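Numbering (my numbering), first residue to last: 18 to 178.
Backbone N, C-alpha and C fix where the C-beta goes; we use that ideal spot for every residue, glycine too.
No experiment lies behind these values; they were computed from the predicted model shown.
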């Protein structure tokens, strides 16, 4: 099982987003996501998010916090446990990323970008200030088949709300 981190860095009501366009065999190709990556053997999620943000953006996080854990399950992709972070403090200069284009996007506009359907669930949780949550997202192909928040089923966007 993959273990990863993902961070949404905020500045002036905008999140730093990564449009995944540069890698050929990228399961996230064409989608907009936060920044992060794979947890190395022996590495903590906190150490990973600090390293990955620095590698992908050139920024050094100075104020950040863990927000939740997202369990991705799929019939096509490797299962993944993702540790979700947000950050409001950083220093350094933003630089180009070899995985795609970085852009500061208004938090209210992020949901209109091409993302995974399940990302919309945790992005709304982040926008509402939630933390300490556990979210399970089960995919069939590219479609979200099931979602559960803290062990309770929740509707997916394709279902009646």
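In the DSSP secondary-structure assignment, residue 166 is bridged to 152 and 169. A straight-line Cα-Cα distance of about 12 Å links residue 67 and residue 83. Separation of residue 156 and residue 90 (C-alpha to C-alpha, rounded to the nearest whole angstrom) is 6 Å. The closest CA to that of residue 103, considering only 153, 30 and 129, is found on 30. If one requires a minimum length of 3 residues, the beta strand (DSSP E) runs lying completely within the stretch 35–116 are 52–55, 77–91 and 97–108, in chain order. Contact between residue 105 and residue 55 is ruled out by a C-beta separation of about 24 Å, above the 8 Å threshold.
Residue nearest to residue 86 within the set 138, 27, 125 and 111 is 138 (criterion: CA-CA distance). Annotation for residue 27: the continuous beta strand (DSSP E) segment containing it runs 19–28.
Excluding five sequence positions before and after residue 164, the CB atoms of its chain that fall closer than 8 Å to its own CB belong to 135, 138, 152, 153, 154, 155, 170, 171, 172 and 173, given in chain order.
Residue 134 sits in a helix when the DSSP states are folded into three classes.
By the 16-neighbour rule on beta-carbons within 10 angstroms, residue 34 is buried.
Close CB contacts of residue 96 within its chain, under the 6 Å cut and outside five residues either way in sequence, are with 18 and 90 (chain order).
The alpha-carbon of residue 150 is positioned some 30 Å away from that of residue 38. Distance from the CA of residue 107 to the CA of residue 101, rounded to the nearest whole angstrom, comes to 17 Å.
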